[in-house]
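Chemist:
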Amino acid sequence: MGLLYHAYAALSSGIFFSCLGPFWTYTKISGRHRMDLRERIGLVPFLGSMNAGSPRIWLHAASLGEVKVAAGLKRHLEALLPGCSIMVSTSTRHGRDLATELFNDHPVIYAPVDAPFSVRRAISRTRPDVMVFLETEIWPVWITEAKRMGVKVALVNGRISLRSIKRYLALKPFFRDVLKNVDVFSMILDEDGDRIVRMGADPLKVTINGNAKYELLTLETDPSIEEGARKILNLKTNQVVLVAGSTRQGEEEIVLDAYEGISRRFPETVLIIAPRHIVRTSAIESVLKSRSVRYQLWTDLCAGARRVEPVVVINTFGELQKLYSVGTIVFCGASLVPLGGQNPLEPASWGKAVFYGPFMEDFLDAKALLESVNAGIEVADAGQFANKAVELLGDPEALARRGERARKALLTKIGAAERHAGVVAELAGKSVGSKQ
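When you line the sequence shown up against my numbering, it's residues 69 to 504, in that order.
1) Can you tell me the Cα-Cα spacing of aspartate 104 and arginine 164, whole angstroms?
2) What are the complete alpha helix (DSSP H) segments, minimum 4 residues, inside the stretch 121-194?
3) Round the Cβ separation of isoleucine 264 and valine 274 to the nearest angstrom and send it over; I've been treating them as touching at under 8 angstroms.
4) Entirely within the stretch 284-342 and at least 4 residues each: give me those alpha helix (DSSP H) ranges in chain order.
5) Three-state secondary structure (DSSP) at serine 350?
6) Kindly indicate the opening and closing residues of the alpha helix (DSSP H) around valine 265.
7) If you reduce the DSSP assignment to three classes, tell me which class leucine 72 lands in.
8) Kindly indicate the opening and closing residues of the beta strand (DSSP E) around glycine 226.
9) Glycine 110 lies in the alpha helix (DSSP H); which residues open and close that run?
10) Rank Asn172, Gly218 and Thr168 by C-alpha distance to the C-alpha of arginine 188 and give the top, closest one.
11) Using the Cα positions of phenylalanine 242 and glycine 278, report the straight-line distance between them to the nearest angstrom.
12) Given a threshold of 16 other Cβ atoms within 10 Å of its Cβ, counted over all protein chains shown, does alanine 484 qualify as buried or as exposed?
13) Between Glu446, Asp430 and Ala434, which lies nearest to arginine 231 when the distance is taken from Cα to Cα?
14) Can you list, in chain order, the residues of its chain whose CB lies under 6 angstroms from that of arginine 244, leaving out five sequence neighbours each side?
15) For glutamine 452, list the residues DSSP reports as bridge partners.
16) By how many angstroms is the C-alpha of serine 417 removed from the C-alpha of threonine 286?
17) In angstroms, rounded to a whole number, what distance separates the CA positions of isoleucine 445 and glycine 313?
18) Which whole-angstrom value describes the C-beta separation of threonine 158 and valine 181, a residue pair presumed to lie in contact below a C-beta threshold of 8 angstroms?
19) So the alpha helix (DSSP H) threonine 367 belongs to, where does it begin and stop?
20) Distance check for cysteine 152 and asparagine 383, CA to CA, integer angstroms please.
21) With burial defined as no fewer than 16 other Cβ atoms inside 10 Å of the residue's Cβ, what is the status of cysteine 400: buried or exposed?
22) By the three-class DSSP mapping on this structure, what secondary structure does glycine 444 have?
23) Could you give the uninterrupted runs of the alpha helix (DSSP H) lying entirely in the stretch 386-473, keeping only those of 4 residues or more?
24) Starting from valine 198, trace the beta strand (DSSP E) in both directions and tell me its first and last residue.
25) What does the Cβ neighbour count give for alanine 351, buried or exposed, with the cut at 16 atoms within 10 Å?
26) Apart from the five residues on each side of it in sequence, which residues of its chain come closer than 7 angstroms, Cβ to Cβ, to alanine 489?
27) If you measure between the beta carbons of leucine 310 and isoleucine 330, is that distance less than 9 angstroms?
28) Three or more C-beta pairs under 8 angstroms: does that hold for the stretch 197-215 against the stretch 464-481?
29) Round the Cβ separation of isoleucine 322 and alanine 238 to the nearest angstrom and send it over; I've been treating them as touching at under 8 angstroms.
30) With 16 other CB atoms within 10 Å as the buried threshold, where does arginine 359 fall?
31) Whose C-alpha, out of Leu72, Gly386, Thr212 and Arg469, is nearest the C-alpha of glutamate 169?
32) Could you check what DSSP says for serine 229 in three-state terms: helix, strand or coil?
33) Could you tell me whether the stretch 395-412 touches the stretch 360-380, where touching means 3 or more Cβ pairs closer than 8 angstroms?
34) What is the rounded straight-line gap between the Cα of serine 117 and the Cα of leucine 127?
35) Residues in the same chain with beta-carbon distance under 6 angstroms from glycine 226, minus the five sequence neighbours each way, listed in chain order, please.
36) Helix or strand or just coil, what does DSSP make of threonine 212?
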């Protein structure tokens, strides 16, 4: 490995050990995060004996979205590799909670810190045959140490955004050395494959297999989910609902302006604001209060309060996909501000036409898919948003047809999870064969 890698490893080790003492003291005093810390420093349970199956596959899924992809891969891997042993790691508490729910009796741990000490311990205790990193999880030390310890390494459902490629290329010599340790890159789009090659990946190791997230979305549309959400929200039949999902700072004001325009034509419209980061709840409340907009919090409604106000702020994780089901008009955030957008196929899975702003760089494939069937609506500002929404609301049948086209377009993309799993299964077979 080059000097840049050794410098990174030394820096990560220095930060690791300098922070270890204070955080350990905090866990002792507070009694919180003890398990988090143990697993972060590589002191995971000895899973080698627990995972009696073969091959042993470790899926790393950073947070909620990746955990769902991991669950889809698990289903196909178990079909392709009967008797295999699968574990999953996550980087967030909410990701771990979901993984524990979806993976049942499979081991679920926190990901080790990307420092040699913690990574080596975690690998030696779990003894995986294959290490699978989902999406854009490029951890230099983890990848390198896994390879050194004889573990096959895969980047699966890989995505390199237009925004992130510039940062990666600024350190191309470093990432080229790291990517030499990856055995296979199973990427989403041709563009993702091209970008990973530009970063230094061997083009012979790169395959294009689509987006596994698409398939999973079709499994999350049980009609009872919509029924339950409508009951909590106290919605009338045919009441107009505007769902603004994954909004970011600066977007709520635009959404509220559009909502006011829609409400002038449809006075009983309910607005649901689901921020990308719920820590911004108080900031959103301040915006609403400054505009004298009456609102209620989702947690209060779930606790039994009756919705009587026109605006609801979602202040818990993991609710958005469910809430898209009740939307008459749906907006995907991070797109009216230059932050790359959010996945418009999540509401499309419920048969919804989708509004978004001009900044959709991270989801160009999904945007193109919806626009190809006239089910994606790009708007530049609150005025366009309100005008187009009012136009579509004036013709409910046409709006419903757009939504149905969105759902059918999504269904054409099913199969990616199985293809990605096939790549991992082939790599796992090579790993086990090389050890026999």
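C-beta: ideal position from N, C-alpha, C; glycine also.
Modeler: To lay it out plainly:
1) For the purposes of this step, residue 104 is taken as residue 36 along the sequence shown, with counting starting at 1. For the purposes of this step, residue 164 is taken as residue 96 along the sequence shown, with counting starting at 1. So the two alpha carbons sit approximately 10 angstroms from each other.
2) 132-148, 161-170 and 184-194
3) Position 196 of the sequence shown, counted from the start, is the residue given in the question as residue 264. Position 206 of the sequence shown, counted from the start, is the residue given in the question as residue 274. That belief holds up - the Cβ atoms of isoleucine 264 and valine 274 are roughly 6 angstroms apart, short of 8 angstroms.
4) 291-301 and 319-333
5) Position 282 of the sequence shown holds residue 350. Of the three classes helix, strand and coil, the one that applies to serine 350 here is helix, per DSSP.
6) Working through the sequence shown from its first residue, we reach residue 265 at position 197. Unbroken alpha helix (DSSP H) run through valine 265: 258-266.
7) Here residue 72 corresponds to residue number 4 of the sequence shown, with the count starting at 1. Leucine 72 falls in the helix class under three-state DSSP.
8) Position 158 of the sequence shown, counted from the first residue, corresponds to residue 226. From DSSP, the beta strand (DSSP E) with glycine 226 extends over 220-226.
9) The residue labelled residue 110 in the question sits at position 42 within the sequence shown. Element bounds for glycine 110: n/a, residue is neither H nor E.
10) On the sequence shown, residue 188 is found 120 positions in, with the first residue counted as 1. Residue Gly218 is the option with its Cα nearest to arginine 188.
11) As a working note, residue 242 is residue 174 in the sequence shown. As a working note, residue 278 is residue 210 in the sequence shown. In a straight line, the C-alpha of phenylalanine 242 is about 27 angstroms away from that of glycine 278.
12) Locating residue 484 in the sequence shown gives position 416, where the first residue counts as 1. Buried, since its Cβ has 16 or more Cβ neighbours within 10 Å.
13) To locate residue 231, count along the sequence shown from 1; it is residue 163. Minimum Cα distance to arginine 231 is reached at Asp430.
14) Within the sequence shown, residue 244 is the residue found at index 176, counting from 1. Counting only Cβ-Cβ distances below 6 angstroms, and skipping sequence neighbours, we find Gly268.
15) In the sequence shown, residue 452 corresponds to position 384, counting from 1. Bridge partners of glutamine 452: none, in fact.
16) Taking the sequence shown and counting its residues from 1, one reaches residue 286 at position 218. Taking the sequence shown and counting its residues from 1, one reaches residue 417 at position 349. One C-alpha to the other measures close to 6 angstroms.
17) Counted from its first residue, the sequence shown places residue 445 at position 377. Counted from its first residue, the sequence shown places residue 313 at position 245. Straight-line Cα distance between these residues: approximately 15 angstroms.
18) By one-based count along the sequence shown, residue 158 stands at place 90. By one-based count along the sequence shown, residue 181 stands at place 113. That belief does not hold up - the Cβ atoms of threonine 158 and valine 181 are roughly 14 angstroms apart, past 8 angstroms.
19) Within the sequence shown, residue 367 is the residue found at index 299, counting from 1. 366-370 is the span of the alpha helix (DSSP H), which, as asked, contains threonine 367.
20) Here residue 383 is taken as the residue at index 315 of the sequence shown, counted from 1. Here residue 152 is taken as the residue at index 84 of the sequence shown, counted from 1. Approximately 39 angstroms between the Cα atoms of the pair.
21) One-based indexing of the sequence shown puts residue 400 at position 332. Its Cβ being crowded by 16 or more others within 10 Å, cysteine 400 is buried.
22) Position 376 of the sequence shown holds residue 444. Strand, per DSSP.
23) 388-392, 413-416, 432-440 and 450-461
24) Your numbering for residue 198 matches position 130 in the sequence shown. Residues 198-202.
25) For the purposes of this step, residue 351 is identified with residue 283 of the sequence shown, where counting begins at 1. Exposed, since its Cβ has fewer than 16 Cβ neighbours within 10 Å.
26) Counting from one through the sequence shown, the residue named residue 489 turns up at place 421. Within the same chain, alanine 489 has close Cβ partners Leu141, His144, Leu145 and Leu148.
27) The sequence position of residue 310 within the sequence shown is 242, counting from 1. The sequence position of residue 330 within the sequence shown is 262, counting from 1. In contact: leucine 310 and isoleucine 330 (Cβ atoms closer than 9 angstroms).
28) no
29) Position 254 of the sequence shown, counting from 1, holds the residue named residue 322. Position 170 of the sequence shown, counting from 1, holds the residue named residue 238. Going by Cβ atoms, the distance from isoleucine 322 to alanine 238 rounds to 32 angstroms, so no, they are not a contact pair.
30) Numbered from its first residue, the sequence shown carries residue 359 at position 291. It counts as exposed.
31) Taking the first residue of the sequence shown as 1, we reach residue 169 at position 101. Checked all of Leu72, Gly386, Thr212 and Arg469; the closest Cα to glutamate 169 is Gly386.
32) Translated into the one-based positions of the sequence shown, residue 229 becomes position 161. Of the three classes helix, strand and coil, the one that applies to serine 229 here is coil, per DSSP.
33) no
34) Residue 117 sits at position 49 when you count from the first residue of the sequence shown. Residue 127 sits at position 59 when you count from the first residue of the sequence shown. With a pLDDT of 47 at serine 117, under the threshold of 50, the modelled position of that residue is not reliable, and the figure given next carries that caveat. Looking at the two C-alpha atoms, the distance is approximately 18 angstroms.
35) Walking along the sequence shown from the start, residue 226 turns up at place 158. Closer than 6 angstroms at the Cβ level, and outside the excluded window around glycine 226, lie Phe253, Met255 and Asp260.
36) Position 144 of the sequence shown, counted from the start, is the residue given in the question as residue 212. Helix at threonine 212.
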